[in-house]
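Residue 3 is where the sequence shown starts when you use our numbering, and the numbers rise one by one after that. Inspection log for the structure reproduced underneath, given as C-alpha cells.
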Amino acid sequence: MSLVPHGFDVLSSGLENAALTTVENIPAWKYFEETTAWLPPAYLNGKSIVQEIIVTTEAAKALERNTRQQAKSAAWQKERKLRLTSSKFWHVMKRKSPWTTKGLENITASRELSRVPAVNYGVKMEAVAAQRYEDVLRKMGHAPVVTSCGLLVNPDFPWLGASPDRIVYDSVEGSYGAVEIKCPYSLRDCKAHELLAADFCSSLIDNVPHLKRDHDYFYQFSGQMGISQLGWGDFLVLGRHFILIERLRFEPTEWKNVRRVLDEFYLLHYTFAISLWRLSLR
C-alpha cells in the first residue's frame, strides 16, 4: 500500500531521498542542557511579572512535558500569558510606529476563536498533516519519529515562549527538529499547480516551496528554532491534494538580531501591558 495516495502531490525543499534506514536507539532530546536561570538586572527588581517568568532548566523541561496538550492545558494558557510567544513575534518585528496602549492590548488580549471556521479546520487537520508528513518522510527513506511538544521556555531568556506543533527525530539528520503545520482553509481544495497563482505564506519556484522571509510565519518558525535551540525544522502546508515541506536551517546571526528587538520590547513594553491587563481584571 502506497504511503502517499494517488493524485496527491508532494512539493519539498531541503529534503533528500535516502536509503531506507531504521533507528533502534533514538537519543533523548536534551533540550536546555547548557542554560542557566536568568537573573534580572537591578532596575527590574520588584517587578512581580519578571520574577514569575524565571525558570530553572529542570522547571523548563517539566513545563514542556506538562503542556503537550497545548490549548487544552490550563498551565499552557497561564504560562503563555506571561510571555511573548512566537506566534506574536511578527507584531513586534513589523511594527513601524511607536507602541500605544491599544497596540499593546492587541498583543496581550485573548480572543475566542473556537467558532471561526478556518481555525476549526486547521485544528481538525493538524493530526492528518502530521501523519501525512511522517508518511512522506518514510517514503523518502527517512525514519522519522514524530512527537507532540508543549510550551518551550528557554531559561536564558524566559520572557519568550514557543509551542511547535511537533518535534521530530530524523535518522538522516541524526538530530531533532521542530515541525510547524499550517492547513489554510483557503487552500483546502487547491491542486498543486494552482498554488502558483495563490497568495499564501510560501512561494513556489520550479515547484520548490520557499517560506516568504517577510511573512508572519517566518518570524514564528525561526523563533521556535531559536527558543528550542534546534538546528533545523520542517515547515508544512497541507491541502487535500498536496503537501509542502520545507526544511529550514536555524540562522543564529539573524536570530540574534531578532532577539535584540524582542527582548527590548518585552522588558520595556510587554511587562507594562501585562500589568494593565491584570488591573483590568480587578
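All C-beta atoms in this analysis are idealised placements derived from N, C-alpha and C, irrespective of residue type, glycine included. All values derive from a computational prediction rather than experimental measurement.
For residue j and residue i, believed in contact at Cβ under 8 Å, the rounded distance
| i | j | result |
| --- | --- | --- |
| Gly-163 | Arg-85 | 4 Å |
| Leu-13 | Phe-244 | 7 Å |
| Trp-31 | Ile-169 | 7 Å |
| Lys-83 | Ile-109 | Rounded, the Cβ-Cβ distance is 11 Å, inconsistent with contact. |
| Leu-198 | Leu-206 | 6 Å |
| Val-57 | Pro-157 | 5 Å |
| Phe-34 | Ala-62 | 5 Å |
| Arg-155 | Val-263 | In the sequence on display, residue 155 carries Val and not Arg. Not confirmed; about 19 Å, so no contact. |
| Gly-229 | Ser-88 | Rather than Gly, the amino acid found at residue 229 in this sequence is Ile. Yes, Ile-229 and Ser-88 are in contact; Cβ-Cβ is about 7 Å, under 8 Å. |
| Asp-11 | Ala-131 | That pair is no contact at about 14 Å. |
Reduced DSSP secondary structure (H/G/I, E/B, other) of residue i
| i | result |
| --- | --- |
| Trp-279 | helix |
| Leu-86 | strand |
| Trp-78 | helix |
| Phe-252 | coil |
| Ala-20 | coil |
| Ile-168 | Checking the displayed sequence, the identity of residue 168 turns out to be Arg instead of Ile. Looking at Arg-168 - three-state DSSP - the assignment turns out to be strand. |
| Phe-91 | helix |
| Ser-230 | helix |
| Ser-4 | Reliability of the predicted coordinates at Ser-4 is poor, the pLDDT of 46 falling under 50, and the value obtained from them is presented with this limitation in mind. DSSP places Ser-4 in coil when its eight states are reduced to three. |
| Tyr-272 | helix |
| Leu-291 | With the chain represented from 3 up to 284, any question about residue 291 goes unanswered, as that position is not in the structure. |
| His-144 | coil |
| Leu-153 | coil |
| Leu-240 | strand |
Contacting residues, own chain, Cβ-Cβ under 7 Å from residue i (five flanking each side not counted)
| i | result |
| --- | --- |
| His-144 | Ala-20, Asp-172, Ser-173, Val-174 |
| Asp-216 | none |
Cutoff 8 Å; reference residue i; Cβ partners in own chain excluding five residues on either side
| i | result |
| --- | --- |
| Leu-213 | Cys-203, Ser-204, Tyr-219, Phe-220, Phe-223, Phe-237, Glu-248, Leu-250 |
Residue i to residue j span [Cα, whole Å]
| i | j | result |
| --- | --- | --- |
| Arg-97 | Gly-233 | 28 Å |
| Ser-150 | Leu-246 | 20 Å |
| Thr-38 | Asn-209 | 44 Å |
| Gln-231 | Pro-160 | 13 Å |
| Asn-126 | Pro-100 | Residue identity check: residue 126 is Lys in the sequence provided, not Asn. If I take the Cα positions, the gap works out to 38 Å. |
| Gly-16 | Asp-191 | 25 Å |
| Ser-75 | Thr-69 | 6 Å |
| Asn-180 | Arg-280 | Checking the sequence shown, residue 180 turns out to be Ala, not Asn. Each residue's Cα considered, the two are about 33 Å apart. |
| Glu-128 | Ser-116 | 15 Å |
| Pro-186 | Ala-200 | 11 Å |
| Gly-225 | Trp-257 | 7 Å |
| Ser-165 | Lys-80 | 14 Å |
| Met-3 | Gly-9 | Summary for Met-3: the model assigns pLDDT 38, below 50, so the residue's position carries little reliability, and this model does not support an answer. |
| Gly-235 | Tyr-268 | 25 Å |
| Val-147 | Pro-29 | 11 Å |
| Gly-176 | Val-138 | 18 Å |
| Gln-133 | Trp-40 | 37 Å |
| Tyr-178 | Arg-140 | 16 Å |
Continuous alpha helix (DSSP H) stretch holding residue i: start and end
| i | result |
| --- | --- |
| Thr-149 | Premise fails: Thr-149 lies in the beta strand (DSSP E), 147 to 149, not in any alpha helix (DSSP H). |
| Gly-124 | 119 to 141 |
| Leu-65 | 59 to 68 |
| Gly-179 | Gly-179 -> not in any alpha helix (DSSP H); beta strand (DSSP E) instead, spanning 177 to 184. |
Residue i: first and last residue of the uninterrupted beta strand (DSSP E) it sits in
| i | result |
| --- | --- |
| Trp-161 | Element bounds for Trp-161: n/a, residue is neither H nor E. |
| Ser-204 | 204 to 207 |
| Ser-14 | 11 to 15 |
Neighbourhood of residue i by C-beta, 6 Å cutoff - its chain only, sequence neighbours within 5 removed
| i | result |
| --- | --- |
| Gly-124 | Cys-185 |
| Ala-275 | Leu-106, Thr-110 |
| Met-227 | Ala-180, Gly-235, Phe-252 |
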